[in-house]
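Protein chains in written order, with my numbering: chain X, 2 to 263; chain E, 1257 to 1641. Here is the structure we will look at, set down as structure tokens.
Here's what the structure looks like:
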């Protein structure tokens, strides 16, 4: 009696194991035939392309926090970034801060007055060696090989927030609650997010795909420039060539793609 | 053997009911968190990990601490520990289950957790942490259960278990090493970026785990006819004594490096924790309490006179368990996030619902631990008859 019950349980266990191997075999079976049938995402005719998108911010053109507002507004409006009252739940893709916050390692006791009072725009640096991508356990955040943008798959993110701990720039936000009731006017052309996922600046990948520059660049009236870091004729390369630029926490080796003219 | 778990007296069932009620309350609060989101915790944009992850880290240590009875018995043939290895293995099982649960309640989208296996990502330490934790859980279940069953049947355990037992020893080290790597490989987090983090985690683990085990042994002796043994408890106490000394030594090494090098990025977190930074110092009393508790623990376990007195030893174990819990379960995570990468200070204080859920997880762990220990002790009573 006892041994037959054990036998049945063993059989059940083995059958359950056998059932779970089916998807694995399926995966192998699919590999052989689907090589040419795989879907391809084609770039649009107008799409802007680069090896590594980069941004140059001419901080001299911003005098006060108010000068940054239109840029932040433009970004947060089109990307459905909610405005949450509770500071702990705050979500931001791009925002203004002080010099010693943007560049904590470079803040001397005595700094030029203009620099000290000037607002500094901060956002995701779309690093060439992004630590957040290294940390993500599901590849929900990834570096797009075609143009170097660090992107998020909001549907794959499990909300473990390892990427937030890994980012040395505080560029990432987490949806601590459902963000949708806090979006003033929803832009139907960009997804809203659900609670429990991480989000951040995407260098306006959705605009580049249709031939438009990032919203903040467009709203900056020339203070922000955008282009290919590996094209020596690009606007950003020319600016880097002719101006002294700095990057945030360069010593960490993440190779940020956002340059600042101070 | 499972039937042994339901053959208990009134006290046993009373204790189980008490734990089950706490689990139930924790679960109800968790349902609230599932509905609202992690916004019901004290977490923020700056401190994105808190109480859950801190308790997870501490419990990985307790789980790894189980190896301190397995290693001397199987590797050094220290026979006395044969009596208590099963307790170490079962403690590891309960602790790892708590760890996994703490990770689950910390996720923003827990229903997507299988994405970790659906899209395996070897470059992520979290992926490896999932692998080693689950592996350690299964190893201990297989080893613990089979060895105990063999003991009950009066036979030697199966031969194929031996390699698994040997494997479980380095595996225990690996779970806490990988957990430390979650933190110490992150650029721009000066507090964690220290090669000594994994050794430090292990030293506190080998103090906290065996300390809890000693307390369990003392309780088991009271509530059952099985005596884990005075020699066993004294040997464990010596392990605790060495480990807590090493832990404090490692911590002082950190303090020296941070302050002699005078690098702000490394000093600021320690300053925030121990003296407060820019007027913020919620953790100052806790951190000093932790340090003082660990020092008291050292004195009580190192001095032979106090160590040999089991009443004092019990107090020392409580003190060490609390001290290491505050150090790792409270300061380690919050301290690493404050100040933030933009050098701002937004203090993290765990919220009441957050603490409630955490208590629920702890209660669940102790419920499992009680069931497992009940089985183990019943078998031991049976065998010694």
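For glycine and all other residues, C-beta sits at the position ideal for the given N, C-alpha and C.
Residue 1345 of chain E is classed as buried because its beta carbon has at least 16 other beta carbons within 10 Å across all chains shown. Of all alpha-carbon atoms in E/1508, E/1523, E/1579, the one lying nearest the alpha-carbon of residue 1543 of chain E is that of E/1579. Against chain X, the CB of residue 1609 of chain E has no partner CB under 8 Å away; the residue lies outside that interface. Secondary structure of residue 260 of chain X (DSSP, three-state): strand. Between residue 59 of chain X and residue 247 of chain X a beta carbon distance of about 12 Å is seen, past the 8 Å cut, so the two are scored as non-contacting. Taking the Cα of residue 177 of chain X as reference, the smallest distance to any Cα among E/1296, E/1469, E/1546 is reached at E/1296. Annotation: residue 62 of chain X to residue 84 of chain X spans about 27 Å, alpha carbon to alpha carbon.
In the same chain as residue 1350 of chain E, and ignoring 5 residues on each side of it, the C-beta atoms closer than 8 Å to its own belong to 1621, 1622, 1624, 1625, 1628, in chain order.
Taking a Cβ-Cβ threshold of 7 Å, the residues of chain E close to residue 179 of chain X are 1293, in chain order. What residue 98 of chain X touches in chain E, judged by beta-carbon distance under 8 Å, is 1598, going in chain order. Residue 1616 of chain E places its beta carbon less than 8 Å from that of residue 1279 of chain E.
The C-alpha of residue 80 of chain X is placed about 15 Å away from the C-alpha of residue 213 of chain X. Contact between the region 1323-1339 of chain E and the region 1587-1603 of chain E is absent, with fewer than three C-beta pairs closer than 8 Å. Put simply, the CB of residue 1301 of chain E is near chain X, with a gap under 8 Å to one of its CB atoms. Listed along chain E are 1363, 1364, 1365, 1366, 1368, 1369, 1371, 1372, each with a C-beta nearer than 8 Å to that of residue 159 of chain X. Close partners of residue 1377 of chain E in chain X (Cβ separation under 8 Å): 137, 138, 139, 140. Between residue 165 of chain X and chain E, the shortest Cβ-Cβ separation is below 8 Å. If you draw a straight line from the Cα of residue 1301 of chain E to the Cα of residue 174 of chain X, it comes to about 6 Å. In terms of CA proximity to residue 1482 of chain E, E/1630 leads the group E/1417, E/1630, E/1290.
The Cβ neighbour count for residue 1306 of chain E, taken over all protein chains shown within 10 Å, is at least 16; the residue is labelled buried. Under the Cβ distance rule, residue 1360 of chain E does not count among the residues neighbouring chain X, no pair being separated by less than 8 Å.
Rounded to the nearest angstrom, the Cβ distance from residue 1320 of chain E to residue 1458 of chain E is 7 Å, consistent with a contact under 8 Å.
For residue 1381 of chain E, the secondary structure class from DSSP, reduced to helix, strand or coil, is helix. Considering only beta carbons, the part of the region 1299-1324 of chain E lying closer than 8 Å to chain X consists of 1299, 1300, 1301, 1302, 1304, 1305, in chain order. Counting other Cβ atoms within 10 Å of its Cβ, residue 1257 of chain E stays below 16 and is therefore classed as exposed. Distances from the CA of residue 180 of chain X to each of X/172, X/192, X/170 were compared; the closest alpha carbon is that of X/192. Looking from the CA of residue 1587 of chain E, the closest CA among E/1554, E/1557, E/1529, E/1448 belongs to E/1529. Put simply, of X/156, X/138, X/253, X/130 the residue whose alpha carbon is nearest the alpha carbon of residue 145 of chain X is X/130.
Between residue 25 of chain X and residue 126 of chain X a beta carbon distance of about 39 Å is seen, past the 8 Å cut, so the two are scored as non-contacting. About 38 Å separates the Cβ atoms of residue 1293 of chain E and residue 64 of chain X, ruling out a contact at the 8 Å cut-off.
Counting only Cβ-Cβ distances below 8 Å, residue 102 of chain X has contacts in chain E at 1598, 1599, 1600, in chain order. Counting only Cβ-Cβ distances below 7 Å, residue 1444 of chain E has contacts in chain X at 169, 250, 253, in chain order. When DSSP states are grouped into helix, strand and coil, residue 1496 of chain E belongs to the helix group. As the crow flies, the alpha-carbon of residue 140 of chain X is around 18 Å from that of residue 172 of chain X. The CB of residue 1283 of chain E never comes closer than 9 Å to any CB in chain X; the least such distance is about 18 Å. For residue 59 of chain X, the pairing in a beta bridge is given by DSSP as X/262.
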